Every structure is written in C-alpha cells, then in structure tokens.
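Q: Structure incoming, see below.
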Ligand code: AP5
C-alpha cells in the first residue's frame with residue numbers, strides 16, 4: 347500500500363461530498379470509497395452489520411464507531427485501494443479519524459489531502475430535499491440542479507427514489523449530528539499538511555475544478 351494518493355473529503359450533509367468525490371477520483375485516478383453507500387449496500391443485503399446499522403441510518407444518526415471502523419478497514423484493505431483512494435463519509439468522528447491514522451500508519455502511508463467543503467444550511471436542506479437516486483445503478487440526480495431527462499426515471503431505466511434520510515425532519519437531525527460529531531474533525535485536521543477548504547455552495551463543476559487544481563499544484567501526490 348505504498349504508491350498513489352490518499353485523500354478524504356469532509357463536509358456537512360448535502361455539501362456535495364459524493365458529487366465531488368466521484369469527479370475527483372476519476373480525474374486523479376484513485377478509487378472512490380463512499381462510506382454511506384457501503385452502509386446502504388449492507389442494509390439492502392440485510393447483512394448482520396446492515397441490520398444493526400439500519401435503525402441509526404434511517405433516523406439520521408451515526409452508526410457506532412466500533413461497527414463502522416471494522417467495515418471501513420476491510421474496504422481499505424482491498425486490492426483496489428492499494429494504489430490510493432478518496433474516502434467520502436469516513437472518518438466522521440475523532441475516534442474514527444484516530445483509527446484511520448493508526449490503520450494507515452500500520453501500512454506505512456498517510457493522508458496526502460484532507461478536502462473540506464463548506465456550505466450554508468439553507469443550501470444543504472434545499473439540495474437534499476430535492477435529491478433523487480437510482481437504486482439500480484446508484485446514480486444521483488437533483489430535481490433542481492441535475493434533473494433526469496425523463497421525470498422519475500434514471501438513464502439506466504431504473505425508477506428514481508428519495509433516500510429515507512432525505513426527509514425534512516431527518517435532514518435537520520443529520521445537520522445537528524454533523525455539528526456535534528463531525529465538525530470537530532476540522533480542528534483535528536486543520537494544521538496538517540494537505541488540508542484544503544473549498545466553498546461548496548458554488549456550481550459543481552467550478553468546485554471540482556478548484557479542488558483538482560489545488561491537488562495538482564500541491565505536489566503531495
Ligand atoms: P452519507 O450517505 O455519507 O450521507 P451524508 O454525509 O449525510 O452525505 P450526503 O450523501 O447526504 O451528502 P453529500 O455531501 O455526499 O452530497 P451529494 O454529493 O449527494 O451517510 C448516510 C448515513 O450513513 C449517515 O447519516 C450515517 O447513518 C451512516 N454513515 C455513513 N458514514 C458513516 C460513518 N463514517 N460513521 C457512522 N455512520 C456513518 O449532493 C447532494 C445533492 O446536491 C445531490 O442531489 C447533488 O446532485 C446536489 N449537488 C451537489 N453538489 C452540488 C452543487 N455544487 N451545485 C448544485 N447541486 C449540487
């Protein structure tokens with residue numbers, strides 16, 4: 347696990363972590379690891395982890411650290427992450443961040459970039475309540491900014507759905523959980539080499555151009 351670039355992307359719900367991570371991972375050639383997607387996949391497949399995680403996820407709470415750390419270490423240990431990865435949605439607590447540091451230390455590597463997206467609460471609520479996704483292929487749309495060509499239908503033919511945690515009351519709960527549990531990560535990481543902040547309120551392409559430029563100019567990987 348010695349070559350490649352290792353990044354994490356942080357930000358409140360709706361900041362555009364998933365949207366940006368997909369673009370950046372493609373442009374710099376690393377594996378995108380989406381922790382929320384991993385959790386949803388386990389819930390759909392009704393694994394033991396999925397059964398335990400479901401009640402936390404649908405109410406907008408975080409899955410307990412001891413559960414999520416095990417499953418993410420398993421993901422990061424896979425061959426497809428050996429030449430770098432962009433972690434989206436992990437770590438989300440200081441305990442998870444310390445566990446990630448220990449895991450990477452054990453592999454003789456470290457994080458090259460910590461990308462932090464900032465967004466106003468108003469924009470986040472508007473984006474999340476208009477987000478739709480395709481359960482068949484995972485593609486994400488937005489009724490306001492990235493609508494599907496055929497209403498309610500994905501380009502793969504799948505029927506679009508709203509995530510259960512994208513209901514207004516759950517969105518507000520996720521924001522509160524972010525402030526309490528995840529925002530402290532900004533202090534945890536802000537002094538590190540490779541820490542970068544971006545305004546996530548801007549149009550998606552503008553944000554990804556800024557991030558990719560900063561990564562290429564930073565010279566960390
Ligand atoms: P997760 O799926 O990671 O949810 P989240 O962090 O709340 O993030 P979102 O996916 O809601 O937002 P995003 O920032 O990725 O925004 P997106 O790009 O989609 O986690 C879900 C749950 O799983 C958690 O609540 C928890 O229970 C559990 N979990 C996951 N990780 C965990 C962990 N480490 N520990 C414990 N529990 C964990 O964009 C949102 C919308 O806006 C989209 O429709 C998009 O098209 C649109 N959009 C994005 N950017 C722009 C832009 N610049 N302009 C216009 N529209 C935009």
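Residue numbers (my numbering): 347 to 567. We treat Cβ as the ideally placed atom computed from N, Cα and C, and that holds for glycine. Being a predicted model, the structure only gives us computed values, none of them experimental.
To the nearest angstrom, how far is the alpha carbon of residue 444 from that of residue 450?
A: As a position in the chain shown, residue 444 is number 98, starting the count at 1. As a position in the chain shown, residue 450 is number 104, starting the count at 1. Computed Cα separation, rounded: 10 Å.
Q: Can you tell me where the beta strand (DSSP E) holding residue 378 begins and where it ends?
A: Sequence index remark: in the chain shown, residue 378 carries index 32 (1-based). Residues 377-380.
Q: Please report how far the alpha carbon of residue 392 lies from the alpha carbon of residue 442, in whole angstroms.
A: Locating residue 392 in the chain shown gives position 46, counting from the first residue. Locating residue 442 in the chain shown gives position 96, counting from the first residue. Going by the C-alpha atoms only, they are around 24 Å apart.
Q: Are there three or more Cβ pairs, one per stretch, closer than 8 Å when the segment 508-519 is compared with the segment 458-475?
A: yes
Q: Could you tell me which residues DSSP pairs with residue 492 in its beta bridges?
A: For the purposes of this step, residue 492 is taken as the residue at position 146 of the chain shown. Note: residue 492 sits in a beta bridge opposite 488.
Q: Between residue 490 and the rest of its own chain, which residues show a CB-CB distance below 6 Å, the 5 nearest in sequence each way excluded?
A: For this step, residue 490 is matched to residue 144 along the chain shown. Closer than 6 Å at the Cβ level, and outside the excluded window around residue 490, lie 476.
Q: With DSSP collapsed to three states, give me the class of residue 433.
A: The sequence position of residue 433 within the chain shown is 87, counting from 1. If DSSP states are grouped into helix, strand and coil, residue 433 belongs with the strands.
Q: Say the cut is 8 Å; is the CB of residue 414 nearer than that to a heavy atom of the ligand AP5?
A: As a working note, residue 414 is residue 68 in the chain shown. It does: the Cβ of residue 414 is within 8 Å (strictly closer) of some heavy atom of the ligand AP5.
Q: Apply the 10 Å Cβ neighbour rule to residue 483 and answer buried if 16 or more other Cβ atoms are within range, or exposed otherwise.
A: The sequence position of residue 483 within the chain shown is 137, counting from 1. The residue in question, residue 483, is exposed, as its Cβ has fewer than 16 Cβ neighbours within 10 Å.
Q: Relative to the C-alpha of residue 454, which candidate in 469, 529, 423 has its C-alpha closest?
A: One-based indexing of the chain shown puts residue 454 at position 108. From the listed residues 469, 529, 423, the smallest Cα separation to residue 454 is found for 423.
Q: Any heavy atom of the ligand AP5 within a distance shorter than 8 Å of the CB on residue 529?
A: Here residue 529 refers to the residue found at position 183 of the chain shown. Incorrect: residue 529 has no Cβ contact closer than 8 Å to the ligand AP5.
Q: Can you tell me the Cα-Cα spacing of residue 541 and residue 413, whole angstroms?
A: As a first step, residue 541 is located in the chain shown; it is residue number 195 there, counting from the start. As a first step, residue 413 is located in the chain shown; it is residue number 67 there, counting from the start. Looking at the two C-alpha atoms, the distance is approximately 27 Å.
Q: Given a cut-off of 9 Å on the beta-carbon distance, is the pair residue 501 and residue 493 in contact?
A: Counting from one through the chain shown, the residue named residue 501 turns up at place 155. Counting from one through the chain shown, the residue named residue 493 turns up at place 147. Not closer than 9 Å, so no.
Q: Could you tell me which residues DSSP puts in a beta bridge with residue 414?
A: Taking the chain shown and counting its residues from 1, one reaches residue 414 at position 68. DSSP lists no partner for residue 414.
Q: Alpha carbons only, please: which of 560, 546, 368, 388 is nearest the one belonging to residue 470?
A: Counted from its first residue, the chain shown places residue 470 at position 124. Minimum Cα distance to residue 470 is reached at 546.
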